[in-house]
Structure formats: C-alpha cells, structure tokens
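The block underneath contains the structure these notes are about, expressed in structure tokens.
There are 2 protein chains.
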Amino acid sequence: MPKKTLTERCQPFTRYIEGIKAQGFYPYFRPISRSWGTEVEVAGKRLIMIGSNDYLGLSHDPRVLEAASQALRRWGSGPGGSRFLSGNLSLHEELEERLAAFVGKKRAVLHVTGFSTNLGAIACLLTAQDTILCDRENHASILEGCQASKARLIPFAHNDPKAAAEKLHQAREKYPNGIMLLITEGVFSMSGDLSLLPGLVALKRTFPDLLVYLDDAHGIGVMGYQGRGTATHFGLTDQVDFIMGTFSKALASIGGFIASDDIDVLEYLRHHSKPLIFSAGLPASCTATVMTCLDIIEHEPERVNRLWEITRKVHAGYQEIGLRTGEPVSPVLPIHIGSEIKAGLFAADLFKNGVFALPAVFPAVPRNKAVIRTAYMSTHQESQIDYVLEVMSKLATKHGVLASDLEERGYFANASGFSSPGPGVSDQAISQIGK
Amino acid sequence: MPKKTLTERCQPFTRYIEGIKAQGFYPYFRPISRSWGTEVEVAGKRLIMIGSNDYLGLSHDPRVLEAASQALRRWGSGPGGSRFLSGNLSLHEELEERLAAFVGKKRAVLHVTGFSTNLGAIACLLTAQDTILCDRENHASILEGCQASKARLIPFAHNDPKAAAEKLHQAREKYPNGIMLLITEGVFSMSGDLSLLPGLVALKRTFPDLLVYLDDAHGIGVMGYQGRGTATHFGLTDQVDFIMGTFSKALASIGGFIASDDIDVLEYLRHHSKPLIFSAGLPASCTATVMTCLDIIEHEPERVNRLWEITRKVHAGYQEIGLRTGEPVSPVLPIHIGSEIKAGLFAADLFKNGVFALPAVFPAVPRNKAVIRTAYMSTHQESQIDYVLEVMSKLATKHGVLASDLEERGYFANASGFSSPGPGVSDQAISQIGK
Chain S
-11 MPKKTLTERC
-1 QPFTRYIEGI
9 KAQGFYPYFR
19 PISRSWGTEV
29 EVAGKRLIMI
39 GSNDYLGLSH
49 DPRVLEAASQ
59 ALRRWGSGPG
69 GSRFLSGNLS
79 LHEELEERLA
89 AFVGKKRAVL
99 HVTGFSTNLG
109 AIACLLTAQD
119 TILCDRENHA
129 SILEGCQASK
139 ARLIPFAHND
149 PKAAAEKLHQ
159 AREKYPNGIM
169 LLITEGVFSM
179 SGDLSLLPGL
189 VALKRTFPDL
199 LVYLDDAHGI
209 GVMGYQGRGT
219 ATHFGLTDQV
229 DFIMGTFSKA
239 LASIGGFIAS
249 DDIDVLEYLR
259 HHSKPLIFSA
269 GLPASCTATV
279 MTCLDIIEHE
289 PERVNRLWEI
299 TRKVHAGYQE
309 IGLRTGEPVS
319 PVLPIHIGSE
329 IKAGLFAADL
339 FKNGVFALPA
349 VFPAVPRNKA
359 VIRTAYMSTH
369 QESQIDYVLE
379 VMSKLATKHG
389 VLASDLEERG
399 YFANASGFSS
409 PGPGVSDQAI
419 SQIGK
Chain F
-11 MPKKTLTERC
-1 QPFTRYIEGI
9 KAQGFYPYFR
19 PISRSWGTEV
29 EVAGKRLIMI
39 GSNDYLGLSH
49 DPRVLEAASQ
59 ALRRWGSGPG
69 GSRFLSGNLS
79 LHEELEERLA
89 AFVGKKRAVL
99 HVTGFSTNLG
109 AIACLLTAQD
119 TILCDRENHA
129 SILEGCQASK
139 ARLIPFAHND
149 PKAAAEKLHQ
159 AREKYPNGIM
169 LLITEGVFSM
179 SGDLSLLPGL
189 VALKRTFPDL
199 LVYLDDAHGI
209 GVMGYQGRGT
219 ATHFGLTDQV
229 DFIMGTFSKA
239 LASIGGFIAS
249 DDIDVLEYLR
259 HHSKPLIFSA
269 GLPASCTATV
279 MTCLDIIEHE
289 PERVNRLWEI
299 TRKVHAGYQE
309 IGLRTGEPVS
319 PVLPIHIGSE
329 IKAGLFAADL
339 FKNGVFALPA
349 VFPAVPRNKA
359 VIRTAYMSTH
369 QESQIDYVLE
379 VMSKLATKHG
389 VLASDLEERG
399 YFANASGFSS
409 PGPGVSDQAI
419 SQIGK
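Protein chains in written order, with the numbering used here: chain S, -11 to 423; chain F, -11 to 423.
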C-alpha cells in the first residue's frame, strides 16, 4: 500500500482552497454566463471586463462571427482527425501562408493551441546535447517544452540581456558542441514588460550560431506596424529565428503558430511535433476567425492606435490615483499590491463594484509580489474606463494599496519589478529538472 | 559552433519526405477544401471519407451547427483567457456536469484538447515516487503525461491483462510505497481493438490500491448503452477510477475531459494541470457543439445502432474480398498490408479512385505492419459503402494485398495483431526515458 493515497495527497490543497472560498475571496474560475466583449455577466451581475486578452475586442466583431459561422457550414463543427491524417483543411494552409507573411517569415506551422506550439516545437527540435537559455518569466508552456526536450535549461534574470550574455558565455565554454537556443517572450503576460529584444539578438554578434526564439503571444496584433508583433516593432525580424504566436489573445480564437525562414526545420517540425501529429486539427470556425481578424487588423490600424490611447489614459489614471503600475509599453498594466491576501480582498471588492479583474499571485509572480493584472481592449468606451478608475480610486484608499501604502510596508525594499522566479521557470521547477 | 546546425539535423528527414513526395505516394496533410461529412473535396476532387473519427457524423448536423453559431453570438469567438482567469464559461461548467453524468462519475474537468487532458492530468497527479503501468499501444499524449510526471513507466504487452498482472506484481514488490496507476485505452485508435478491461480491473482484487485510468477517446459516443463508453459497455464504471475522453471523435469538436468520483483529486487537478491553467479555455462554439452532440446521442440511439450495422457490413465486405482486417468490435477497421511502401501505393490508388483513407506506418504501428486505417460513420449511405467495397476489391487484387498475398509473403509468421511497439510507448521511447 502506498504511504499516502492519491486522495490523501490532494486533500490538504483542496482544504486550503475551501478555506479561501469560505473567506469569500476565491477569485478564479468565475463562470461567465454571457459576454459582450468589454462587459460580461457572472452570476446575474454585469461587470466591466478589464482582465481579457482579447486586446482588440475582435471576439465580438460581426464580421468575425459571420466568418466563423460560414466556416462551420463549409467544413462542419469538428475536424474529425489530426491535421497529419484526416483533419487538415485548405484553410489551415492558407492561414499558415498568411501568418508567415504577417510576421515576415517564409513559412509558419499551425497548432491547435499556443501551449501545444511551444511544447511541440521545443521538444521535437532540441535534444539532451543542447542548451536552452530561458528568461525566468517565460510562460509555463515554454518550460514544458524545454523539459520534454531534455535539453539543459539555463534560466537568466528577467529581461536582462547582460545576464543572458554571462550565462551564454559560461554555457558555450562548458558545452561547445550542442545547439544554443535563447527563448524570450515579446510582451510578458503578467508584468506587461516589453522584451529587451535588441540586447538579446545582439548576442548573435559574439555567438553567430545562437538561435533566438520569440514567444510573441501577447505582442501579435498589438506591437509594431499593423500589429505585426514585437520583432517588427524593433525592426529585428531577420535576427529572430523563430517567431511563435497564439490566436487566443488579439486574434480572438484559440490556437498557435510557429514561423521561420528555415523551411527544412519547419518541415521536420510538422512531422515530429507530437501535439500537432497527435491532436485533432484546429476547427474551421476558429481558423476562419483568425483569418478575418488578420484582415481587420491590416485594414483598420485605428484599432491598434485606439488600444494605445486607452492604455496611456489608464496608465495616467492609475498614476493620478497613486497606484503603482508598470510602464505603458504594452496593454498589460499590473497594479502592484504585494500581499496576496490584500490582492484577493481588493479583487473581490472590485468584483462587488462591477469590475472583473483578477489577482496574480505566486507562482505566476514572485511571493509577496501579488498584482491585480489589468489589460484593456480597444473597444472599451471612455465611460467604462472612467467608471473603472473611479472604483479603483475609492477601493485603493479603502484597502491601503496605494504606492504610498506599499512604501510604508517596505514593498520596494528589494523589488525591481518582477524579478525571479517568473511564471514558469521557478527555482523549484529548475531543481526538479535536476540541472 | 555546434557539430551540426539545426538545419543540418533536419535536412536528411526533409529530403526523405521530398523523395516520398516525388514518388507520388505521400499521403499526409491532404488539404480538405470542403466537407460534407461522409464526402470531402481535396484539390478539386470529391472523395468518400473513410478515415474520419467523426463516427456519428454529427459534425454536419444542422442542430449542432446552429448551437455552435448561437454560442458564437452569446460569448464571442474566443475565450479571451484561461479558464482559471478570465476564460471560464458557465457553459464549461454545465458541460462538465453533463459529461460526469454521461459517463457515470461525480465530476469532470474540461481541457482544451484531449492531448492536454492526458498530459495535464497524469503529469500533475503522479510523481517520481510512483509507477505507471502502460499498455504498449497507448496514445502518445499518455506517454507525454507519463514522461512529464517523472513516474516510473512500465509498459505491458498490448491488451494483455496477464502481462499487466506480472508487471504489477514485480513493480509492487520493488516499489512498495508509491502510487500505482494502470492506463489503458478503451478502443485503441489504430488497431480498433477493444480493451480487455474486465481482466485489467480484476487486478484490483489482488492490489486494492491500484488506480485504473481509462482513455476512452474512441469509445465515448460509440461503445455501451447510449454511447456512454467502454466502462459502461462492460458495466465496470465503478471499478475505473478515471475516465478520460475527447470531443474530437464522436462529439464532433475538439477538447477533452477527465471524470472521477474523487472530488478532492479533481479539485487538485483543476488547479495544477498546466495545460488547463496555462491555455485559453475551449471556445463557446466548441463547447456548445459537444452539449448538442450529447443531446442527440442520448435521444437518438439509432445513430449508434446504425454505426454498428455499417461496421458489420463493411467487415463482412472486407472478408468477402479477402482482405485481412480486425474484428468488428469498434468502428475502426484496419486493413493489414505489411509493407509500408505497398500501403502508401494502395492508399494513393484509393485516393485516385475517389476514396479518402490513410496508411498508418511505424511508429503508429510496428515496423512492416503497415495498415490502411479505415473508420466508418453512421451517416454513410449504402451506395457509398458499396462503392468503397468495389474499389477495395479491384485495388486489393491489383496491389497484391489480399490475406492470401500477405500469407505468401510470410506476413503472419510472427504477427499477433498489433504487438509491441505501439503508437506511443515504443521501446525507443522507453529507453529515452531511461527507466
């Protein structure tokens, strides 16, 4: 008999969650019974949504909904198989071409989720002989891919090209023969930080064989000319070997892709990425959604501009209230709280006052560095934003989460934004890998 | 500099694929430009589809399409976030309740794909102290979950409860303290074999702490009363601890779920399954599709009955032609070919003659045990089936792939159906894990 049954192993956690629920500030898995994009209904209550990744508000665009409905009729509701076998649509291939052109690469390979894309691509391309340099705040799906690949995983301090350079020098000396892959996000999902990509790709001058992999899940549709992403924003598309993106943010669907100029590598990947070969293809309705979103983004640059306007307005509003937030370099504007309990109580009170925003706590951010993650959409109305800022102002004072309150509690003593550990590559995770 | 660049590593495979394409029998990633369910259009050519997992043909049911379109309008095209955060729909929770009741368990947890379900569930519940007994033909996503969990992976001969018992005895002696989980599929996707589930759950008499995990991707909607799955078929629902299923087969969508009577374990899983927490939620249109499919399956048992009628008819037809196939215990009827080249040429000729069916070769099946995987739908017309059988008869003789031809070539010398290695747990994969 095992020392502990599976139930006994899980119970302490379940009791902990029950405790939080009993105290009334469990904020997760809120069931949305209806959505109008910038507003949602939960348990009969209408709320202003400031926690969605639907940055351009395209999820409710009538053109998108019509295209999705038409695709349902043309191909049916489900793909009926893996793309490798009976579930490959001409629409998938058209979207691959379209995405490659959109991000400025020769070819792209579609997957059914963003998680699958990172997992499948990294795991099938890298081996135990290789080394991966990974920003400490990279997404969990990147870590999952790294672990499955068996490559050496070397984390570097978040968004710190100098730290990456040091690690790279050490690694190249120690492991002269394997492939070196550096992975960063374009826009980091929790902090909203914009990658210091120029400093990272500059490492190629010293290490010409270094490959750079950019997860631009939160940058596609938002950053750069026509929302073509973070590499375009910096004019560094040629220097980035792999651009990965998802459809579940600005592209109003689910799914993911990886793009590159290296046709051989992508052809290999298409036949070896396990979640691609062994998952059903992306439904036609989702694929058509993404195609239509790209049409709209390319033809209506005012949507991206409007998102930036709103982001700057909210940032200024937060500052005026006296909240501590990040720079407005992306639509993700976290409000720093520190205490995890305070973040939970603050979010619960936001909810009571008609605002849907969620706390991010460890392990999504470091311990005692809890934030309320807010992200706005280009379809938000001025009146909605004014209302949210009013509520924020009232509640921030009530809960004592203004920057001045944080200072009093010593929040800034050794805080430099979001330092390690990040949402995926925590020290614990790394020690589990045993490298 | 690495000994070989990533491009150099991938090129030999890419050249190999180019060679197959040049010879005209590369069968994969065929782009479907339109689908009517039982027929599809590829490159302007209309074909009868006998390779889809849409077993009940619900992917084109007008009620399903209408429900999916309505859900698009109510919730939008994309979820905008992870279920954990801003992408949880009341419809997800309704579907979880519905699925739990459908398979006879207390609760179910939804994931965005079937692959994610196996990966997330197995990886978060098991640890390096635990042992997993795994049928050699289990799906790649199960293997991926086992590897990510770090548990000891012990494969047993395909669908062989006696072999499983031996391995279990050895393992329990050697590792007395960890959890033991036995994983099997209900209906095996390539061979169409039905799990010998009674023999497997009988091991619980000797090992009361053994947990049984049933991946019923190909059984849900097809096996048992009202298509409630393989556990229902055998009347063994109480003996199976976890029932996992996907929506990309009979339920005409994408996604997956895991059901159990253990609320504590599922609550833990819901907060720790990485592809659940770190992927966007299932789009409303996909979720509504599954709900409507369950309505139809429960109210129209004639669909499942019709599927079995067709399966028996095709099986008899294959036998009459002289093809070697499996028993008609599931809608998957592989045609045994042996030679991988012959399978490719045969499939290419089927295509030319208006039939869409694909070869399964190593590693999906053992080396030189290639098959044409055929699977029928309850919406196939008699005329379509008659046509397919006619084509099969003509081409089987032409290509020399009748059972008598196979016998001449010594195909049956040491063939016992699909023995090791299976689609996921190959010896190579196991040696890679190093256990």
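Note that beta-carbon positions come from the ideal geometry of N, C-alpha and C, so glycine has one too.
Three-way DSSP call (helix, strand, coil) for residue 314(F) in this model: coil
Give a yes or no on whether the C-beta atoms belonging to residue 364(F) and residue 313(F) are separated by under 8 Å. Contact: no.
Selected residue, minimal CA-CA separation from residue 297(S), among 210(S), 163(S), 49(S), 8(S): When each option's Cα is compared against that of residue 297(S), the closest is 210(S).
So the candidates are 252(S), 282(S), 343(S); which of them puts its Cα closest to the Cα of residue 5(F)? 252(S)
So if DSSP puts residue 231(F) in a beta bridge, which residue, or which two residues, is it bridged to? Checking the DSSP bridge columns, you'll see residue 231(F) partnered with 202(F), 247(F).
Rounded to whole angstroms, how far is the Cβ of residue 35(S) from the Cβ of residue 334(S), which I believe are closer than 8 Å? About 15 Å separates the two Cβ atoms, so there is no contact after all.
Could you tell me which chain F residues have their CB closer than 8 Å to the CB of residue 5(S), listed as they occur along the chain? Using a Cβ-Cβ cut-off of 8 Å, residue 5(S) is close to 255, 259 of chain F, given in chain order.
Counting C-beta neighbours from all protein chains within 10 Å, is the total for residue 40(F) 16 or more, i.e. buried, or is it exposed? buried
Per the DSSP calculation, residue 352(S) is bridged to which residue(s)? According to DSSP, residue 352(S) bridges with nothing at all.
Taking CB distances under 8 Å as the criterion, tell me whether residue -5(F) reaches chain S. yes
Mind checking the stretch 304 to 315 of chain S against chain F and listing, in chain order, the residues whose C-beta falls within less than 7 Å of any C-beta there? none
Can you list the residues of chain S that residue 122(F) reaches, using a CB-CB cut of under 8 Å? Near residue 122(F) there are no residues of chain S at all, since even the closest Cβ is about 15 Å away, more than 8 Å.
Exposed or buried, residue 203(F), counting other C-beta atoms within 10 Å across all chains shown (16 or more means buried)? By the neighbour-count rule (16 or more Cβ atoms within 10 Å), residue 203(F) is buried.
Suppose only complete runs of 3+ residues qualify. What are the beta strand (DSSP E) ranges in the stretch 56 to 130 of chain F, listed by chain order? Considered as a whole, the stretch 56 to 130 of chain F harbours 95 to 99, 119 to 123 as its complete beta strand (DSSP E) runs of no fewer than 3 residues, in chain order.
Return the CA-CA distance between residue 64(F) and residue 279(F), expressed in angstroms with no decimal places. 17 Å
Beta-carbon proximity check, residue 67(S) vs residue 305(S), cutoff 8 Å: no
Measure from the C-beta of residue 127(S) to each C-beta in chain F and report whether the shortest distance is under 8 Å. yes
My output table needs one value for residue 242(S): the three-state DSSP class, helix, strand or coil. coil
On the three-pair Cβ rule with 8 Å, is the stretch 315 to 325 of chain F touching the stretch 351 to 368 of chain F? Between the stretch 315 to 325 of chain F and the stretch 351 to 368 of chain F there are three or more inter-stretch CB-CB distances shorter than 8 Å, so the stretches are counted as touching.
Under 7 Å between beta-carbons, which chain F residues line up against residue 23(S)? List them in chain order, please. 63, 64
Three-way DSSP call (helix, strand, coil) for residue 416(S) in this model: Annotation note: pLDDT 41 at residue 416(S) (below 50); position unreliable, coordinate value reported separately. Of the three classes helix, strand and coil, the one that applies to residue 416(S) here is helix, per DSSP.
Tell me whether residue 300(F) sits in a helix, a strand or coil according to DSSP, three-state version. helix
Here's the rule: buried if 16 or more other CB atoms are within 10 angstroms of the residue's CB, otherwise exposed. What is residue 93(S)? buried
First through last residue of the beta strand (DSSP E) which encompasses residue 23(F): Residues 20 to 23.
Exposed unless 16 or more other CB atoms sit within 10 angstroms - verdict on residue 372(F): By the C-beta density criterion, residue 372(F) is buried, having at least 16 other C-beta atoms within 10 angstroms.
Please classify residue 194(S) as buried or exposed, where buried requires at least 16 neighbouring CB atoms within 10 angstroms. exposed
Report yes or no: do the stretch 111 to 127 of chain S and the stretch 249 to 264 of chain S share at least 3 C-beta pairs separated by less than 8 Å? Contact holds: three or more Cβ-Cβ distances are below 8 Å.
Alpha carbon to alpha carbon, how far is residue 216(S) from residue 126(S)? Cα-Cα distance, rounded: 21 Å.
Less than 6 Å between C-beta atoms, sequence neighbours within five positions excluded: which residues of the same chain meet that for residue 383(S)? Closer than 6 Å at the Cβ level, and outside the excluded window around residue 383(S), lie 337.
Skipping 5 residues on each side, what residues in its chain have a beta carbon closer than 7 Å to that of residue 134(F)? 110, 120, 122, 141
Residues bridged to residue 17(S) (per DSSP): Note: residue 17(S) sits in no beta bridge, so no partner.
Name the chain F residues whose beta carbon is nearer than 7 Å to that of residue 113(S)? -6
For residue 362(F): DSSP bridge partner residues: Residue 362(F) pairs with 321(F).
Select from the stretch 74 to 87 of chain S all residues with a C-beta closer than 7 Å to any C-beta belonging to chain F, and list them in chain order. 74, 76, 77, 78, 81
How would you list, in chain order, the residues of chain S whose beta-carbon sits under 8 Å from the beta-carbon of residue 199(F)? -6
Going by Cα to Cα distance, which pick from 17(S), 7(S), 103(S), 3(S) is closest to residue 237(S)? 103(S)
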